[in-house]
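Residue numbers (my numbering): 2 to 293. Just so it is clear, CB atoms sit at the ideal spot from N, CA and C, and this is done for glycine as well.
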C-alpha cells in the first residue's frame with residue numbers, strides 16, 4: 002500500500018471513485034441529453050426576439066448568438082463523451098488505485114476534473130437561456146459527480162493539513178481556470194464567427210482569435226497539468242506555469258478590448274493566481290515533496 006493513504010481510507014476512496022466512474026458513464030450523458038433541447042430552444046427564442054426588434058442593434062445581437070445552438074449542440078455532447086471515457090479510465094485503474102500505485106493519483110484527479118470542468122461550462126448557458134424557471138440546474142449535478150471524489154482524493158492523502166490545504170487550493174485553481182478558459186473561449190468563438198462584419202475583422206474582433214484559441218488550448222494543458230502535478234512530476238509545474246501565463250495574457254488582452262463584462266478579467270486573474278501559487282516555495286515543496 003502507498004504511504005499516502007491508509008488501507009481503510011483507500012478502500013473508502015476507491016469506492017467513491019468507482020461510484021463516480023459509474024455515474025460519469027451512465028448519468029452524465031443522460032443529464033446532458035436532457036439539457037440540450039431546453040437550452041437550444043431558449044437560444045432560438047432569444048434570436049427570434051432580437052430579430053423581431055428590427056433594429057441594427059437587435060440584428061447584431063442575433064448574429065453573435067446565431068452559431069450558439071450549433072456550437073452547444075456539439076460541445077455539450079463532447080464533454081459528455083469525455084466524461085464517459087474518463088469514467089471507463091477510472092474503472093480500469095481502480096484495482097491499481099486500491100493497491101496504492103502512486104501513478105494512479107494523477108490519473109484519477111485528471112479524469113475526475115473532466116465532469117467538473119464540463120459541468121461548469123454547461124452551467125452558464127442553462128442560467129442564461131433557461132433560468133430559474135427550469136428548476137435546479139442539471140449541470141450542478143455533473144459538477145458534483147466530479148468534484149466530490151476529486152477533493153476526496155486530495156484530502157484523503159496521509160499528510161498534514163497545510164499540505165492538504167496547499168494541494169486543495171492549487172488543484173482548485175487549476176480546475177476553475179480550465180473551466181473559465183473553456184467558457185470564455187466559447188464566448189470569444191461565437192462572436193468571432195458570428196460578428197455581422199465577418200469575414201472582415203471589425204475593430205476589437207482580431208483579439209478574439211488570440212482569445213478562443215489560446216483559452217481552449219490552455220484548458221486542456223491545465224487538465225494535463227492536473228495529471229502531472231497529481232503524480233508529483235515537475236513537468237506539471239512547468240506546464241501549469243505556461244498555461245497560467247498564457248491565460249493571463251490572452252484573457253487580459255481580451256478584457257482590454259472587450260470589457261462589456263468582467264469574465265475575461267476574472268480569467269486573467271485566475272491565470273495569474275496559478276502562477277503566484279506555484280512560485281511560492283512552501284506551496285511548491287508541499288506539492289512535490291509532501292513528506293519531507
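Contact fails between the region 34–50 and the region 155–173, because fewer than three Cβ pairs, one in each stretch, are under 8 angstroms apart. Residue environment analysis places residue 182 among the buried positions, since at least 16 neighbouring C-beta atoms fall within 10 angstroms of its C-beta.
One Cα belongs to residue 148, the other to residue 201, and the distance between them is close to 42 angstroms. By the Cβ neighbour-count rule, residue 235 is exposed, with fewer than 16 other Cβ atoms within 10 Å of its own.
Every alpha helix (DSSP H) stretch that sits fully inside the region 218–270 and reaches 4 residues is listed by chain position as 235–258. By the beta-carbon neighbour count (other beta carbons within 10 angstroms, threshold 16), residue 251 is buried. Under the three-state reduction of DSSP output, residue 176 falls in the helix class. The residues 39, 127, in chain order, have a CB closer than 8 angstroms to that of residue 135 in the same chain once the five nearest residues on each side in sequence are set aside. By the Cβ neighbour-count rule, residue 188 is buried, with 16 or more other Cβ atoms within 10 Å of its own. A Cβ-Cβ contact shorter than 7 angstroms links residue 258 with residue 205. From the listed residues 285, 232, 174, 264, the smallest Cα separation to residue 102 is found for 232.
Taking 7 angstroms as the cut-off, the Cβ atoms of residue 271 and residue 178 count as close.
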